[in-house]
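Presented below is the structure to which this report refers.
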Amino acid sequence: MRNSLYKKNIISINDLNRNELELVLKKSAFLKEKAQPNLLKNKIIASCFFEASTRTRLSFETAVHRLGASIIGFSDGENISLGKKGETLADTISVISSYVDAIVIRHPQEGSARLAANFSNGIPIFNAGDGANQHPTQTLLDLFTIKETQTKLSNLNIAMVGDLKYGRTVHSLTQALAKYKNNQFFFISPDALTMPNYINDMLYKKEIYWKRYKNIEEIISEIDILYMTRVQKERLDSTEYANAKSKFVLQTSTLKNARNNLKILHPLPRIDEIDHDVDYTPYAWYFKQAANGIYARQAILSLVLIEKHF
Amino acid sequence: MQINKLQVEAIKSGSVIDHIPAHIGFKLLSLFRFTETEKRITIGLNLPSQKLGKKDIIKIENTFLSDDQINQLAVYAPCATVNYIEEYNLVGKTFPSLPKKIDRILICPNSNCASHNHFITSSFIFTKDINNEINLKCQYCEKEFAKNIVL
Ligand SMILES: [Zn+2]
């Protein structure tokens, strides 16, 4: 089967239509079930991390190794000659694109992955995070985990908790889940960190239910997915932060009335927004979610680099 | 003697952008890089106008603006008209309409946007918000801004 992701840049989750999302999820499940260590044999992939992000980098690099491809690159833009000599991102990408079959890029500036794609001479770019903007493979692994645990991506009640203003994972995940039918969104955040208007507007236009709630207890008995994120101290003043800490920290007692199928997700790293006791409940799924990142990244890499699948 | 017409020298062939709001003409020249050419350009500022009170006018010899360029004018000069001149005769007249996207001209208000520190330029698409207000969305950082923030 030909696939429409072949040779595509993976820059924003918004660039993928629903069929393409489905294809990635199907491929992720297939690769989780059945390792394909020779799928990308003879391919070379560059991992260009202009800012450090150990977790994401190791996840991508593991995915590359599991597919049998080779990897070159760097893990911290500050300490490489490219950064020191003041070479532009455009030049760096132009040069590296002549060495490899695909480039994974992480960069602190928003839009840098799209910019890189202008200079990669047709070599596919994978965005591994551009500032506060997009991190599409995170969304793919979130979707894969939700589908795996709930067997569907529609008719779900999803609560998102924490920093909904700056948290790019919750923005992208909401945009992706809004492509599916009858999902409802419950947003729980400090007043200073509510969902941005463009997300609320998008839900409104698509006639999708969303509502703000004050705390997790209010809705715990109604939800299938509880997506926790961290509230960074520097985003709030000290009283607000103290208040937020008590209200938006998940404890086992909060889960008393949870549905059996409830799964708690978190993009990690967690600081103190999920009590460690929660880890031992059947609802805790964040470590399995992180593990799924390997399969989702294997899936998207192989779909972009190989035309025919299944 | 036709005093009005002689306020800006007539051109033999080319484009005349007329009915530009006063004080915008100079901005258009630099934004649209009309000056990055060897062509002869004449500009009139603060000319009398029945429609606008005062207007600016730009004449570019031997150059015919593309539809895309004309539409991008609409962002700054919504009532501008573009006249095409051949052999001193008016041979065509077009009215800009708001384009789908606008490249190169604007600067993204997001200070951490990658479009700033590279020689490539910006790219925005027009979107409408819930109240039908026009917004501009940066194609690089994917942030949306009210029109007046970007312009
Ligand atoms: Zn931007």
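Going down the list, the sequences are from chains E and P. When you line the first sequence up against our numbering, it's residues 1132 to 1441, in that order. When you line the second sequence up against our numbering, it's residues 14 to 164, in that order. Where a beta carbon is used, it is the ideal one built from N, C-alpha and C, also for glycine.
Query	Result
Reference E/Asn1173; option with closest CA among E/Asp1232, E/Leu1152, E/Ile1142, E/Tyr1137	E/Asp1232
Counterpart residues of E/Leu1357 in DSSP-defined beta bridges	E/Ala1290, E/Ile1395
Straight-line gap, P/Gln15 to P/Lys160 (C-alpha atoms, nearest Å)	Below a pLDDT of 50, predicted positions are generally treated as unreliable, and P/Gln15, at 45, falls in that range; no measurement from the model is reported.
Nearest neighbour of P/Thr140, chosen from P/Glu155, P/Glu49, P/Phe47, P/Gly66 [CA to CA]	P/Glu155
Boundaries (first-last residue) of the alpha helix (DSSP H) holding P/Leu42	38 to 44
For E/Asn1148 and E/Ala1166, the rounded distance between their alpha carbons	26 Å
Local conformation of E/Gly1242 per DSSP, three classes	coil
DSSP bridge partner residues for E/Ala1233 (one or two, in chain order)	E/Ile1176
Buried/exposed call for E/Arg1428, threshold 16 Cβ in 10 Å	buried
Any heavy atom of ligand 1 within less than 6 Å of residue CB: hits in chain order	E/Gly1242, P/Cys121, P/Asn123, P/Cys126, P/Ser128, P/Cys151, P/Tyr153, P/Cys154, P/Lys156
Meets three-Cβ-pair contact criterion under 8 Å: the segment 26 to 46 of chain P and the segment 1309 to 1317 of chain E	no
Assigned exposure category for P/Leu164 - 16 Cβ within 10 Å defines buried	exposed
E/Gly1293 versus E/Ser1228 - alpha carbon distance	39 Å
Touching by the beta-carbon criterion (3+ pairs, under 8 Å), the segment 1134 to 1144 of chain E and the segment 1246 to 1258 of chain E	yes
Within-9 Å CB hit, E/Ala1263 to chain P	yes
Close beta carbons around E/Ser1201, own chain, < 6 Å, minus the five adjacent residues each side	Ile1175
Distance between beta carbons of E/Gly1262 and P/Asn125, contact taken as under 8 Å	5 Å
Residues in the segment 1365 to 1390 of chain E having any Cβ partner in chain P nearer than 8 Å	none
Exposed unless 16 or more other CB atoms sit within 10 angstroms - verdict on E/Arg1186	exposed
Per-residue DSSP class, three states only, for P/Asn148	strand
Selected residue, minimal CA-CA separation from E/Val1078, among E/Leu1189, E/Lys1345, E/Ser1352	Past the boundaries of the shown model lies residue 1078 of chain E; chain E is included only from 1132 to 1441, so the question cannot be answered.
Nearest to E/Leu1274 (by Cα), restricted to the options E/Ala1248, E/Lys1158, E/Tyr1414	E/Lys1158
Assigned secondary structure, P/Thr107 (DSSP; H/G/I helix, E/B strand, else coil)	strand
Beta-bridge partners of E/Leu1381, as assigned by DSSP	E/Ile1405
Selection from E/Phe1180, E/Leu1246, E/Pro1168, E/Ser1225 that minimises the alpha carbon distance to E/Asn1252	E/Ser1225
Contact belief for E/Ile1425 with E/Ala1194 at Cβ below 8 Å, rounded distance in angstroms	5 Å
Test: E/Asn1148 CB closer than 9 Å to a CB of chain P	no
E/Glu1241 classed as buried or exposed, judged by whether at least 16 other C-beta atoms fall within 10 angstroms	buried
Under the three-state DSSP convention, the category E/Ile1141 falls into	strand
Selection from E/Asp1368, E/Leu1396, E/Ala1177 that minimises the alpha carbon distance to E/Leu1381	E/Leu1396
Contact list for the segment 1236 to 1261 of chain E against chain P, Cβ threshold 9 Å	His1238, Pro1239, Gln1240, Glu1241, Gly1242, Ser1243, Ala1244, Arg1245, Leu1246, Ala1247, Asn1249, Phe1250, Asp1261
Short CB-CB distance (under 9 Å) between E/Tyr1311 and chain P	no
Residues in the segment 104 to 127 of chain P having any Cβ partner in chain E nearer than 7 Å	Asn123, Asn125, Cys126, Ala127
E/Ser1135: CB within 8 Å of a non-hydrogen atom of ligand 3	Ligands displayed in this structure: ligand 1; ligand 3 is not among them.
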